[in-house]
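Data first, discussion second: the structure below is written as structure tokens.
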DNA sequence: CTTGAACCTCTAGCTGCTAGAGGATTTATA
DNA sequence: TATAAATCCTCTAGCAGCTAGAGGTTCAAG
């Protein structure tokens with residue numbers, strides 16, 4: 015029987031986060047001690063590890079919900095899990111492409127800054143005038 | 015005199031977002047029409063463009079606040095603006111490195127999935143067992 | 001039996017918007 | 001000048017995915 019603190023340490027998840035996962039139904043309600051404290055077993059430890067690992071790979075909580083559901087039904091075809099992973103891969107690739115464009119632009123800004131007064135600062139100038147940008151970077155928060 | 019809708023179209027910013035920027039003090043309170051509607055001038059248009067462009071380059075609203083402040087004081091040294099941009103560049107590079115590791119792992123997962131039952135799904139297996147990962151990817155939400 | 005660490009619930013906060021309700025104003029046309 | 005459509009207003013609440021803190025209880029060691 016594991017306390018929430020132990021689970022926290024074993025998975026590198028904050029205690030509050032574990033309770034949050036329970037609240038949104040991602041983790042099942044665990045058993046309780048006589049005094050009302052949460053007590054976990056190994057299955058729940060595995061589940062939390064799965065969740066955390068998926069989060070580390072960038073999957074959304076919704077995607078993880080689906081993946082967990084699939085994982086609970088061993089006889090279903092795995093196309094769906096595959097599709098979710100492919101979607102995630104695509105997203106990662108899109109984000110990388112975007113960051114690459116940003117990096118180019120930022121490098122250029124920083125590189126051109128000669129360190130005088132802000133009046134002549136290339137960084138600020140570029141920010142003021144989009145047309146100075148050589149690369150495309152048109153979506154916010156992608 | 016520009017209405018908020020015009021500003022919205024010219025900068026590609028949602029009307030609510032413009033009001034939000036005003037609320038958090040990023041945009042100044044504009045003048046008003048007799049009936050109480052917001053009316054903007056070109057200086058404010060420029061300011062909003064600056065904000066938007068900075069957002070597109072990934073700067074946080076706090077960073078933008080600093081950049082705007084620097085931009086308003088042409089005689090200050092521009093080290094600070096430079097530092098902010100360098101910080102941003104560093105962040106972008108870190109995120110890229112992280113995404114690269116994720117991509118590798120996701121590719122491997124997807125590649126190895128042979129399309130059978132979920133019981134044998136490599137995607138789910140890898141998620142279950144971190145030790146199967148070849149690359150490091152230890153921070154969440156970076 | 002006492003102490004202190006870990007637990008409990010509950011509420012509110014973070015970033016950066018976005019959406020909708022319910023109503024007022026502006027503008028174009030008839 | 002009247003009216004209708006488009007735009008504007010304020011206010012509140014919601015999204016993801018946690019995180020922090022208040023104020024109080026339980027547990028395990030000594």
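Residue numbers (the working numbering), protein chains in the order written: chain D, 15 to 156; chain X, 15 to 156. Ideal placement from N, C-alpha and C gives every residue a C-beta, glycine not left out.
{"Check": "Beta-carbon spacing of residue 106/X, residue 112/D below 7 Å", "Outcome": "no"}
{"Check": "is_contact[residue 57/D, chain X] using C-beta, thresh 7 Å", "Outcome": "no"}
{"Check": "Closer than 7 Å at the beta carbon, the chain D residues around residue 107/X", "Outcome": "117"}
{"Check": "CB contact check: residue 29/D to chain X, cutoff 7 Å", "Outcome": "no"}
{"Check": "Residues near residue 115/X in its chain [Cβ-Cβ closer than 7 Å; skip 5 each side]", "Outcome": "149, 150, 151"}
{"Check": "Own chain residues within Cβ distance below 6 Å of residue 126/X, not counting five before or after", "Outcome": "136"}
{"Check": "Simplified DSSP state of residue 122/D, which is helix, strand or coil", "Outcome": "helix"}
{"Check": "Cβ-based neighbour list, residue 46/X, same chain, cut-off 7 Å, excluding 5 preceding and 5 following", "Outcome": "52, 53"}
{"Check": "7 Å CB neighbourhood of residue 68/D in its chain, flanking five on each side removed", "Outcome": "78, 81"}
{"Check": "Within 7 Å, strictly: CB atoms of residue 56/X and residue 131/D", "Outcome": "no"}
{"Check": "C-beta neighbour in chain X for residue 47/D, strict 7 Å", "Outcome": "no"}
{"Check": "Length of the line joining the Cα atoms of residue 25/X and residue 76/D", "Outcome": "33 Å"}
{"Check": "Rounded straight-line distance, which links the Cα of residue 44/D to that of residue 100/X", "Outcome": "47 Å"}
{"Check": "Rounded C-alpha distance that separates residue 91/X from residue 124/D", "Outcome": "15 Å"}
{"Check": "Bridge partners - residue 16/X, DSSP secondary structure assignment", "Outcome": "54/X"}
{"Check": "8 Å Cβ cut-off: residues of chain X touching residue 91/D", "Outcome": "129, 130, 131, 132"}
{"Check": "Where the alpha helix (DSSP H) through residue 79/D begins and ends", "Outcome": "75 to 85"}
{"Check": "Alpha-carbon spacing of residue 141/X relative to residue 41/X, whole angstroms", "Outcome": "45 Å"}
{"Check": "For residue 21/X, the nearest candidate out of 36/X, 39/X, 62/X, 103/X (CA to CA)", "Outcome": "62/X"}
{"Check": "Residues that residue 141/D contacts on chain X, provided the C-beta gap is smaller than 7 Å", "Outcome": "64, 67, 68, 81"}
{"Check": "Neighbourhood of residue 102/X by C-beta, 8 Å cutoff - its chain only, sequence neighbours within 5 removed", "Outcome": "71, 72, 73, 77"}
{"Check": "Short CB-CB distance (under 7 Å) between residue 138/X and chain D", "Outcome": "yes"}
{"Check": "For residue 131/X, three-class secondary structure by DSSP", "Outcome": "strand"}
{"Check": "DSSP-derived helix/strand/coil call for residue 90/D", "Outcome": "coil"}
{"Check": "Sub-7 Å separation of residue 18/D and residue 38/D beta-carbons", "Outcome": "no"}
{"Check": "Closest residue to residue 98/X among 120/D, 49/D, 59/D, 15/D (Cα-Cα distance)", "Outcome": "120/D"}
{"Check": "Residues that residue 45/D bridges to, as DSSP identifies them", "Outcome": "53/D"}
{"Check": "Residue 27/D - containing alpha helix (DSSP H), residue span", "Outcome": "Residue 27/D -> no alpha helix (DSSP H), and no H or E assigned at all."}
{"Check": "Nearest-angstrom beta carbon gap, residue 15/X and residue 110/D [assumed within contact, 8 Å]", "Outcome": "At roughly 43 Å, the Cβ-Cβ gap does not stay under 8 Å, so residue 110/D and residue 15/X are not in contact."}
{"Check": "Straight-line gap, residue 65/X to residue 108/X (C-alpha atoms, nearest Å)", "Outcome": "23 Å"}
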